[in-house]
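*Asks:*
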Amino acid sequence: MEMLKAEFFKDFKVIAGHGGLEKQIQGIAILDAPDGYNWTRGREFVISSGYVFKQHPELFYKYLKSDKFRNISGMGIKLDRYINKVPEDILQVFNECNIPLIHIPLFPSWMDIMNQLNVLVMNKNIRHFRIGNINPRSFSNISYQSRKINKILSQMEIEMKFPAMLYDLSSEKAHYSSPAFVELMEDLKIEDFWNPLFEHTKEILCDNLQIIRYRFIDEKYDRPYSWITIPVTVGDKIKAYFVVVEATGLIDYFDQFSLRIGFLLLQSLYEQILVAQSIGDIGFEKFISDIVNDNIKTEEAITKTALELGIDINLKYYLILLQQDNLDGNMTIYKDEFREILNSRISNMQARMALIDEKSCIFLIPFDERLSEEDNLKLIKESAYIFKAKVEKTIDNIKIIFGVSDIKEPIYELKKNFNRCIQAINMGKILYPNEEYITYTSLGPLGWMDI
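Numbering (the working numbering), first residue to last: 227 to 677.
So, in structure tokens, the structure goes:
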């Protein structure tokens, strides 16, 4: 047992069952009543003053023959109080079953033992769940975020033996601790985990964190089917749902430590991402503004700033200029909505957005070298229309038009691409008055003309 290595437990001595020292403790039970062992569930560290065995000498043998005994993780007795010595035949049973029997010193109280064991469990969980801070340069890297999330979820399943899921509302993407979660879902839909429309019961496990256990009865199971759901909230908005499927089992006391630690790490992860995004957004918008307004012009200066912002200078980029095509309205007040749509609908393109003024914003989109140029441009156009539809559904009476520089260029040629976007919109309104998505190359030779 790992607990025996701790300073507090240094005087606790193993007197039998050395082969079971790797057993996991999931709770503590105090045995000081003749029938007390009947209320143990399994994997407990059972502790006793020995008084009950002195009063009922046959009880020890009766307990050793029960199924309840074989399910415990270990037993501790305060010897030299009511019992001076454990008989050899009893020690032999502990050895045969590989269940540790531990001599507990007289001085520690039951409360001290419980508290110290809780501290060990929490410290162990924190060590296992350590994932580090978000790298600010990687905040927009979806795979980087996914690796962080998956590491937490997989550790959750290792610790609790129950599969977990995080469903991100913005990207509409589910992250699973393992395929076991999907197998246990069976006929349930994703949204059933936080908004079940069938008959069910709700048990609030923690009001502050809104930890809720949902249960329903199905003839397929001999016990109610259950899961635990916790919303991940940043500010006043729910960003994701964290779910642990218990199926027909229930998490125990120590599992709730893992549950809370895992959730708090996910909550912290989302808050770190939000802060990193905010910092990155400000820096990126200034970078774009400086280029557009000719505050930085040289390849060296642009490349240096791009590196500081985590922009890959080895890639080439397309540029999209989105303009509000009706006179009323200020797009800056919808910045958060735009960003959420970008992250949820076209996050796979790794696009970065910057507002230019109250009527326009641009999207910097890296050329995906795994695809042909034709497929890159096709994907960009499809994503633009998805974005447009979502924006028009979210914001009343808005009309938008896209000017697209469909010629990929290094980052230091961003101003050239920006001018192409402007030209695409200006000339496109004349050449293609009914079009909402106009590429620079579609202008042909007229792309060189000034209006």
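Each residue gets a CB set at the ideal place from its N, CA and C atoms; glycine is no exception. Since we're looking at a predicted model, the values are computed, not measured.
Assess contact between the stretch 260 to 267 and the stretch 334 to 352, defined as three or more Cβ pairs (one per stretch) separated by less than 8 Å. Is contact present?
*Replies:* Judged by Cβ distances under 8 Å, the stretch 260 to 267 makes no contact with the stretch 334 to 352, as fewer than three pairs qualify.
*Asks:* Whose CA, out of M229, Q549, I384, M301, lies closest to the CA of L485?
*Replies:* Within the sequence shown, numbered from 1, the residue matching residue 485 stands at position 259. Out of M229, Q549, I384, M301, I384 has the C-alpha closest to the C-alpha of L485.
*Asks:* Measure from the alpha carbon of I546 to the alpha carbon of each residue in Y638, I612, I588, then state which is nearest.
*Replies:* As a position in the sequence shown, residue 546 is number 320, starting the count at 1. Of the candidates Y638, I612, I588, the one whose C-alpha sits nearest the C-alpha of I546 is I588.
*Asks:* By Cβ distance, which residues of its chain are closer than 8 Å to L492, with the 5 residues on each side in sequence left out?
*Replies:* Translated into the one-based positions of the sequence shown, residue 492 becomes position 266. Within the same chain, L492 has close Cβ partners I375, I378, L392, V458, A466, F468.
*Asks:* Within 10 angstroms of the Cβ of I677, are there 16 or more other Cβ atoms? Answer buried if so, exposed if not.
*Replies:* Counted from its first residue, the sequence shown places residue 677 at position 451. In this prediction, I677 has a pLDDT of 47, which is less than 50 and means its spatial position is unreliable; nothing more can be read from the coordinates.
*Asks:* What's the C-alpha gap between N344 and F480?
*Replies:* Position 118 of the sequence shown, counting from 1, holds the residue named residue 344. Position 254 of the sequence shown, counting from 1, holds the residue named residue 480. Straight-line Cα distance between these residues: approximately 8 Å.
*Asks:* Give the straight-line distance between the Cα atoms of P405 and F593, rounded to the nearest whole angstrom.
*Replies:* Here residue 405 refers to the residue found at position 179 when the sequence shown is read from its first residue. Here residue 593 refers to the residue found at position 367 when the sequence shown is read from its first residue. Cα-Cα distance, rounded: 33 Å.
*Asks:* Report the residue from I567, D520, C647, A527 whose alpha carbon sits nearest the alpha carbon of I612.
*Replies:* Along the sequence shown, one-based indexing puts residue 612 at 386. Nearest of I567, D520, C647, A527 to I612, Cα basis: I567.
*Asks:* By a C-beta neighbour count over all protein chains shown, 10 Å radius and 16 as the cutoff for buried, is N521 buried or exposed?
*Replies:* What you label residue 521 is simply residue 295 of the sequence shown in a count that begins at 1. Label assigned to N521: exposed.
*Asks:* DSSP state of Y663, grouped into three classes?
*Replies:* Within the sequence shown, residue 663 is the residue found at index 437, counting from 1. Y663: strand per DSSP, three-state reduction.
*Asks:* Tell me which residues share the same chain as K542 and place their Cβ nearer than 7 Å to its Cβ, disregarding the 5 neighbours each side in the sequence.
*Replies:* Position 316 of the sequence shown, counted from the first residue, corresponds to residue 542. Closer than 7 Å at the Cβ level, and outside the excluded window around K542, lie F593, K634, E635, P636.
*Asks:* Taking Cβ positions, are G629 and G670 nearer each other than 8 Å?
*Replies:* Position 403 of the sequence shown, counted from the start, is the residue given in the question as residue 629. Position 444 of the sequence shown, counted from the start, is the residue given in the question as residue 670. Their beta carbons are not under 8 Å apart, which means G629 does not touch G670 by this criterion.
*Asks:* Using the beta-carbon count (16 or more within 10 Å), is F365 buried or exposed?
*Replies:* Counting from one through the sequence shown, the residue named residue 365 turns up at place 139. For F365, the pLDDT reaches just 49, beneath the cut-off of 50, and the residue's location in the model is therefore unreliable, although a value from the coordinates is still provided. Per the 10 Å Cβ criterion, buried.
*Asks:* If contact is defined by three or more beta carbon pairs under 8 Å, each pair taking one atom from either stretch, is the stretch 316 to 330 in contact with the stretch 233 to 253?
*Replies:* Yes, the stretch 233 to 253 touches the stretch 316 to 330.
*Asks:* For E584, which of Y663, G488, I624 has the nearest alpha-carbon?
*Replies:* Translated into the one-based positions of the sequence shown, residue 584 becomes position 358. Residue I624 is the option with its Cα nearest to E584.
*Asks:* Along the beta strand (DSSP E) that carries I456, what are the first and last residues, could you check?
*Replies:* By one-based count along the sequence shown, residue 456 stands at place 230. 451 to 460 is the span of the beta strand (DSSP E), which, as asked, contains I456.
*Asks:* Where are the beta strand (DSSP E) runs, 3 residues long or more, that stay fully inside the stretch 410 to 494, in chain order?
*Replies:* The qualifying runs are 427 to 432, 437 to 442, 451 to 460, 463 to 473.
*Asks:* Decide if the stretch 424 to 431 is in contact with the stretch 601 to 610; the criterion is three or more beta carbon pairs, one per stretch, under 8 Å apart.
*Replies:* No, the stretch 424 to 431 is not in contact with the stretch 601 to 610.
*Asks:* If you check the beta carbons only, do A580 and E639 fall under 8 Å apart?
*Replies:* Here the question's residue 580 lines up with position 354 in the sequence shown. Here the question's residue 639 lines up with position 413 in the sequence shown. Contact: no.
*Asks:* Under a three-way DSSP split, which group does A232 fall into?
*Replies:* Taking the first residue of the sequence shown as 1, we reach residue 232 at position 6. Note: A232 maps to coil in three-state DSSP.
*Asks:* Let me confirm a value: G246 is counted as buried when at least 16 other C-beta atoms fall within 10 Å, else exposed. Which label applies?
*Replies:* Within the sequence shown, the letter at position 20 stands for residue 246. Burial call: buried.
*Asks:* Could you tell me which of D338, D632, L305 sits nearest to L605, measuring between CA atoms?
*Replies:* Translated into the one-based positions of the sequence shown, residue 605 becomes position 379. Nearest C-alpha to L605: D632.
*Asks:* Count the other C-beta atoms from every protein chain shown that fall within 10 angstroms of the C-beta of T732, then say buried if there are 16 or more, exposed otherwise.
*Replies:* An answer regarding residue 732 cannot be provided, because it is not within the stretch 227 to 677 covered by the chain.
*Asks:* Where does L672 fall in DSSP's three states?
*Replies:* If you number the sequence shown from 1, residue 672 lands on position 446. If DSSP states are grouped into helix, strand and coil, L672 belongs with the helices.
*Asks:* Please classify F564 as buried or exposed, where buried requires at least 16 neighbouring CB atoms within 10 angstroms.
*Replies:* In the sequence shown, the residue the question calls residue 564 occupies position 338. Buried, since its Cβ has 16 or more Cβ neighbours within 10 Å.
*Asks:* Please report the residue range of the beta strand (DSSP E) in which R578 lies.
*Replies:* Locating residue 578 in the sequence shown gives position 352, where the first residue counts as 1. Counting along the chain, the beta strand (DSSP E) containing R578 begins and ends at 578 to 583.
*Asks:* Once DSSP output is grouped into helix, strand and coil, what is the label at L317?
*Replies:* Residue numbering aside, residue 317 sits at position 91 when the sequence shown is read from its first letter. Here L317 sits in helix by DSSP.
*Asks:* Measure the C-alpha to C-alpha separation of P362 and A390 and round it to an integer number of angstroms.
*Replies:* Position 136 of the sequence shown, counting from 1, holds the residue named residue 362. Position 164 of the sequence shown, counting from 1, holds the residue named residue 390. At P362, the pLDDT of 49 sits below 50, so the modelled position is not reliable and the matter cannot be decided from this model.
*Asks:* For the pair the stretch 614 to 623 and the stretch 642 to 657, tell me if three or more CB-CB distances fall below 8 Å.
*Replies:* The stretch 614 to 623, when compared against the stretch 642 to 657, does not touch it at the 8 Å Cβ threshold.
*Asks:* Using C-beta distances below 8 Å, list every residue in its chain close to D688, excluding the 5 sequence neighbours before and after it, in chain order.
*Replies:* Here the chain covers residues 227 to 677 and nothing more, so residue 688 does not appear.
*Asks:* Quick one: using the 10 Å Cβ neighbour count with 16 as the cut-off for buried, is E228 buried or exposed?
*Replies:* Against the sequence shown, residue 228 aligns to sequence position 2. Classification for E228: exposed.
*Asks:* For S586, which residues of its own chain have a beta-carbon under 8 Å away from its beta-carbon, when the five flanking residues on both sides are left out?
*Replies:* As a first step, residue 586 must be located in the sequence shown, where it is residue number 360. Cβ neighbours of S586 beyond the five flanking positions: L547, L548, Q549, Q550, M557.
*Asks:* Determine the direct distance from the alpha carbon of F388 to that of I303, and round the result to whole angstroms.
*Replies:* Within the sequence shown, the letter at position 77 stands for residue 303. Within the sequence shown, the letter at position 162 stands for residue 388. Answer to the nearest angstrom: the Cα atoms are 32 Å apart.
*Asks:* Going straight from the alpha carbon of Y447 to that of E497, what length do you get?
*Replies:* Here residue 447 refers to the residue found at position 221 when the sequence shown is read from its first residue. Here residue 497 refers to the residue found at position 271 when the sequence shown is read from its first residue. Their Cα atoms are separated by approximately 39 Å.
*Asks:* Where does A259 sit, in a helix, a strand or coil, going by DSSP?
*Replies:* The sequence position of residue 259 within the sequence shown is 33, counting from 1. Three-state result, A259: coil.
*Asks:* Among all the DSSP beta bridges, which residues are the ones paired with A400?
*Replies:* Here residue 400 refers to the residue found at position 174 when the sequence shown is read from its first residue. Note: A400 sits in a beta bridge opposite Y393.
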